[in-house]
Amino acid sequence: MSNEVKKDYTDRELASMSNEELARLGTELDGVTVAYRKNRWPVENDPAEKRAANGIAIWLGVSIIMAIAFLVVYLFWPWEFRNLGEEGHLWHTFYTPALGLTSGISILALGMAVILYVKKFIPEEISVQRRHDGPSEEVDRRTITALLNDAWSTSTLGRRATIKGMLGTAGVLFGLVVIAPLGGAIKNPWRAREMDYYGDGTLWTSGWTLHEQGVKLYLARDIGAIAEEHEGEGGTHYTTTGVSRLMRVRPEDLDAGGMETVFPLADEDVNDGDRYDPARDVYENHMHSIHGPRNPVMLIRLRTSDAERVIEREGQEDFHYGDYYAYSKICTHIGCPTSLYEAQTNRILCPCHQSQFDALQYGKPVFGPAARALPQLPITIDEEGYLIARDNFIEPLGPAFWERKS
Ligand code: FES
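So for the sequence shown, the UniProt record's numbering puts the first residue at 1; every next one is plus one.
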């Protein structure tokens, strides 16, 4: 029992004890009884020991090679998306399996090496320990250190330079396997690139910013069209040629009290009405507009009696077209789509945290956590009677961010 063990050792007595004696004393003081202990390799230079070490080295080698292979795949593999039939499609298809396979085998091999090491080299031991309360005393701290030293020396790791080195290398490379993929997530959010339906990649812009470059932007609805089946020389295939996903909207397309989600559609991507050409393929650009994170806009047609009660925000008095008002659909709280328009109260509701915005008061928040009005898009119609953006938004869309002043 641990309370029968002598504990009041002087510094001198402790200093005179060997590491083995301190380790044994430590187990006794901790209430641990070592019932059975046997060294795995009592005979020095046992050939079986060498074979065991080689087996572990092979697993570690596999782990190292696979970790390096993972990094090579991650950095140099042609991962960019390629459609079926395009050159490089096969390489693209195998990118993710190659990452999974190399990292998986690397982890598995490292795990096998550790398990084998424990089984082959750590002494077999059965110990029984009783728990006790209270803080550690000096003698306990010393003996614990001795026990750790003992574990290190009996594990024989100290004298196995090859395995130690390979284990260290495998550990470092395994760490890289875990950390390296995070590198792809590190991006400069303010590095502007060419403007397109995604804006220039910064939070200040959206697809509607194309207007500042002189692009005529229609307000277009998503009709959900998908690729169509065609009979061609190579047999039946699906194609998006002649399929328009976005269609321009006219004022008369909306009933009074109605709401429609619209996206920016550049003049050169129009393929509907009298400009429809079955040989054109504008589908991809339409999808880019729909996927632009700050592009969705709620086009609301107020009832005339409600429109008479509208309070315009200063500087935005002419942003509407008749009874038609266009507000960003991206909630100014944390960016959910404010999809619900309640025509009786003229309120726009965000389903995420129940913020409510008043469509009769420039999208001003009237309930919930949102603190800023929904930005309003200036709109009008063109000579053909289609609704178009008259300008870009005059403020950033969506939630607040560090650099925003208001
Ligand atoms: S994101 Fe709209 S209320 Fe929170």
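In this text, a Cβ means the ideal position worked out from N, Cα and C, and glycines have one as well.
Inspect the beta-carbon positions of residue i and residue j and report whether they are closer than 8 Å.
i, j, result
"P189", "T202", "yes"
"A326", "L377", "yes"
"P375", "F393", "yes"
"Y218", "G292", "no"
"T154", "P123", "yes"
"P399", "T332", "yes"
"M287", "M259", "no"
"D222", "L246", "yes"
"D181", "Y95", "Correcting the residue identity first, residue 181 is Pro in this sequence and not Asp. Cβ atoms of P181 and Y95: not closer than 8 Å."
"E228", "T236", "no"
"P296", "I330", "yes"
"residue 408", "R248", "Any answer about residue 408 is impossible in this case: the structure gives the chain only from 1 up to 406."
"E125", "V43", "no"
"G335", "L147", "no"
"E308", "Y362", "no"
"I300", "L173", "no"
"A161", "L60", "no"
"T345", "F357", "no"
"F70", "V177", "yes"
In its own chain, which residues sit with a C-beta less than 6 Å from the C-beta of residue i, not counting the 5 before and 5 after it?
i, result
"M1", "Since pLDDT at M1 reaches only 44, below the 50 mark, its modelled position is unreliable, and the value read off the structure follows with that caveat. Excluding sequence neighbours, M1 sits near nothing in its chain."
"L302", "D323"
"D267", "K216"
"R98", "The displayed chain sequence assigns Ala, not Arg, to residue 98. Counting only Cβ-Cβ distances below 6 Å, and skipping sequence neighbours, we find V73."
"Q354", "G368"
"G134", "none"
"A225", "V243 and R245"
"N285", "D269"
"T156", "F121"
"A36", "Residue 36 is actually Tyr in this sequence, not Ala. The answer, listed in chain order, is I126."
"I105", "M66"
"G257", "R303 and A343"
Which same chain residues end up closer than 8 Å to residue i when comparing Cβ atoms and leaving out the 5 residues on each side of it in sequence?
i, result
"K7", "L29, E137 and V139"
"I56", "A113, L116, Y117, K120 and I163"
"L14", "L22, V139 and R142"
"A279", "T241 and G242"
"Q316", "Y362, Q376, P378 and I394"
"G88", "P78, E80 and R82"
"P251", "R301, Y321, G322, Y324, I381, G385 and L387"
Along the chain, where does the alpha helix (DSSP H) that runs through residue i open and close?
i, result
"A266", "First-last for A266: G258 to A266, but that is the beta strand (DSSP E), not the alpha helix (DSSP H)."
"E28", "N19 to L29"
"M66", "P47 to F76"
"E284", "Y283 to H291"
"H92", "H89 to T93"
"I334", "From DSSP, I334 is part of no alpha helix (DSSP H); its letter is neither H nor E."
"E138", "E138 to T154"
"A170", "A161 to G183"
"A307", "T304 to A307"
"S16", "D11 to S16"
Can you give me the start and stop residues for the beta strand (DSSP E) that residue i sits inside?
i, result
"M298", "V297 to R301"
"R221", "L217 to D222"
"R82", "Unbroken run through R82: none, as it is neither H nor E."
"E124", "E124 to Q129"
"T236", "G235 to T239"
"E228", "E228 to G232"
"K38", "V32 to K38"
"R248", "L246 to R248"
"L210", "That residue, L210, is in no beta strand (DSSP E); it is neither H nor E in DSSP."
"E317", "Unbroken run through E317: none, as it is neither H nor E."
"Y325", "Y324 to S328"
"L254", "No beta strand (DSSP E) holds L254; DSSP gives it neither H nor E."
"E342", "L340 to E342"
Ordered along the chain, which non-local residues of its own chain (more than five positions away) have a Cβ less than 7 Å from that of residue i?
i, result
"E395", "P375"
"R390", "P378, I379 and T380"
"R191", "G201"
"S103", "F70 and V177"
"A53", "R160 and I163"
Quick one, what's near the ligand FES if you take every residue whose CB is closer than 5 Å to any heavy atom, in chain order? Any heavy atom of the ligand FES counts here; residues with a Cβ closer than 5 Å to one of them, in chain order, are C331, H333, I334, C336, C350, C352, H353 and S355.
Quick one: which unbroken beta strand (DSSP E) runs of 3-plus residues sit fully inside the stretch 350 to 402? Chain order, please. 356 to 358, 364 to 367, 379 to 381 and 387 to 389, all fully within the stretch 350 to 402.
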